[in-house]
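Each remark here refers to the structure printed beneath this line.
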Amino acid sequence: MPNQRSAVVVGGGIGGLAAAAALAGAGTRVTVVERAEHIGDVGSGLVLYPNGVAAADAISPRLGGRVRAAGHVVQPGEVRLLMDKTGRVLAEEPIGDQSERLGAPQIPILRTDLQAALVDEAVTSGADLRLGTAVSGYASGADEVAVHLRDGTTLRADVLVAADGINSTIRRRMLDDGPPQYRGYTSVRGRTSRSGLPQQSFVANGRGVQLFVAPVGGDTLYWTCKITARPGVWPERSPQRAQLALAGLLGGWHESLVRLVRMAEDITVADIHDRDPVDRWVDGRAVLLGDAAHPMVPAMGQGANMALEDAVVLAGHLGAEPDTRAALAAYERERTDRTAKVVLASRRQGSLDQGASRTQEAERNAFIRTAGRKDAAADEVHGWRPAEPAPADLAG
Ligand SMILES: Cc1cc2nc3c(=O)[nH]c(=O)nc-3n(C[C@H](O)[C@H](O)[C@H](O)COP(=O)(O)OP(=O)(O)OC[C@H]3O[C@@H](n4cnc5c(N)ncnc54)[C@H](O)[C@@H]3O)c2cc1C
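Heads up: the sequence shown begins at 351 in the numbering used here, then just goes up one per residue.
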């Protein structure tokens with residue numbers, strides 16, 4: 351292809367790999383630069399919501415198929431049990447009806463499986479992956495962007511897509527807007543096989559503690575526990591000590607929940623941060639995507655879903671607009687408002703979820719009983735569909 355556009359994608363997380371797959375699928379020459387030696391070997395699971403599943407389908411039907419085959423496709427009639435810490439049911443959230451209402455299901459999936467599907471999709475579409483390679487900065491010029499690597503070498507491309515996560519080096523260089531803000535709680539995550547619990551989604555709510563559980567296929571449940579805490583306290587423990595401390599903290603909860611935590615593997619601990627939304631994600635030929643652009647707390651489980659949406663929209667604009675800067679500006683226009691709303695809704699949801707005081711705990715449980723669901727703003731977030739032609743059609 352004579353005038354084939356080229357892109358360097360920084361970061362081989364969910365956002366970077368999705369962008370690589372979408373761009374390469376639409377005919378861009380893509381190099382992914384990832385500082386880790388391996389991709390996707392940690393991190394329990396996550397939920398792809400109907401918006402994220404629609405984005406995966408838009409990247410390619412093959413990717414959508416892989417995701418469905420690897421994860422647990424929530425079936426019509428399936429409910430998420432919303433309980434207090436003793437296991438008493440406060441509400442049954444009808445998550446299985448989303449497929450019919452919104453045209454795509456929820457799919458809880460192991461991160462390793464999602465990343466493997468994205469790597470395969472990106473590589474099959476022609477993207478080149480360079481592992482063990484860290485980026486230190488960039489300089490955007492009129493005709494190309496120079497991407498500086500820590501080893502002192504430079505890559506040149508038409509576009510730099512910065513998907514280097516919440517502590518993005520490229521964002522610091524572009525916006526210099528300080529560190530992300532701690533939101534008052536930490537997360538301990540894991541996955542448990544043969545727990546004896548039903549393969550069903552549920553959420554158990556205590557004071558200052560919320561345990562979110564979902565099946566990811568086979569006999570495995572993944573779980574995330576959000577704990578109100580001072581910053582640094584949980585991450586400074588080893589994963590094994592954090593697991594023990596969590597099992598201790600859940601003393602008095604339903605015994606099957608304590609067992610779920612005790613039996614778990616693949617424990618990850620992280621303090622939860624976000625940033626205030628900004629409306630600038632572009633500097634010349636460099637553009638932010640995923641957590642680098644809009645880190646959000648995981649209360650609504652939307653960070654990776656938004657990164658998938660970003661990838662589809664970015665590839666759509668670059669496919670439709672020959673002027674690279676105009677395409678990046680259109681992407682920025684389309685994405686900043688939507689993601690700002692989700693960042694702020696997630697922040698509100700996170701405070702509600704924690705129920706950190708007696709009064710807040712009662713408020714959260716009352717909300718769940720009245721609304722019959724966990725999240726306040728679910729459908730408007732989950733209802734997103736690609737507005738642009740899918741990248742695969744553009745490649746046509
Ligand atoms: C507890 C918890 C639960 C969550 N649950 C969900 C959920 O259910 N659903 C959901 O959608 N989202 C969820 N999320 C959010 C989701 O995990 C993130 O939003 C998503 O993984 C962000 O992807 P990313 O690719 O933008 O960033 P990351 O996954 O952080 O990837 C960034 C990559 O860039 C690499 N990198 C960084 N700096 C450099 C550099 N200088 N040079 C080269 N490479 C670099 C890193 O090694 C990394 O591989 C959850 C998050 C947490 C903490």
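Cβ atoms here follow ideal geometry from the backbone N, Cα and C, with glycine treated the same way. Because the structure is a prediction, the values reported are computed rather than measured.
In the DSSP annotation of this structure, residue 613 is not part of any alpha helix (DSSP H), being labelled neither H nor E. Per DSSP, the beta-bridge partners of residue 573 are 540, 563. In the assembly as shown, residue 503 is an exposed residue. Its beta-carbon has fewer than 16 other beta-carbons within 10 Å. Boundaries of the beta strand (DSSP E) around residue 555: 552 to 556. Looking at the DSSP output, residue 532 sits in a beta bridge with 623. In the pairwise beta carbon analysis, the region 631 to 639 is classified as touching the region 476 to 491: at least three pairs are separated by under 8 Å. In terms of Cβ geometry, residue 572 and residue 365 do not form a close pair [threshold 8 Å]. Annotation: residue 491 is outside any alpha helix (DSSP H) and is labelled neither H nor E by DSSP. When secondary structure is reduced to three states using DSSP, residue 438 falls in the coil class, being assigned neither helix nor strand.
Relative to ligand 1, the nearest heavy atom lies less than 7 Å away from the CB of residue 655.
Residue state for residue 430 is assigned as strand, using DSSP reduced to three classes. Relative to ligand 1, the beta carbon of residue 462 is positioned no closer than 7 Å to any heavy atom. Residue 386 has its CB nearer than 7 Å to a heavy atom of ligand 1. Remark: three or more beta-carbon pairs, one from each stretch, lie closer than 8 Å, so the region 545 to 561 and the region 605 to 625 are flagged as touching. Take the alpha-carbon of residue 672 and the one of residue 427: they are about 46 Å apart. Counting along the chain, residue 419 sits inside no beta strand (DSSP E); it lies in the alpha helix (DSSP H) bounded by residues 411 to 420.
The beta carbons of residue 576 and residue 535 sit closer together than 8 Å. For residue 630, the secondary structure class from DSSP, reduced to helix, strand or coil, is coil. Per DSSP, reduced to three states, the secondary structure at residue 507 is strand. Sequence-distant Cβ neighbours of residue 585 in its own chain, meaning closer than 6 Å and more than five residues away, are 619, 621. Just so you know, the alpha carbons of residue 540 and residue 464 end up roughly 16 Å apart. Exclusion of the five residues before and after residue 674 leaves 355, 508, 509, 635, 668 as the residues of its chain whose Cβ lies within less than 8 Å of its Cβ. Nearest C-alpha to residue 467 among 437, 403, 601: 403. Burial check for residue 568: the Cβ neighbour count within 10 Å stays below 16, so the residue is exposed. Relative to ligand 1, even the nearest heavy atom lies 7 Å or more away from the CB of residue 356. According to DSSP, residue 356 shares a beta bridge with 379.
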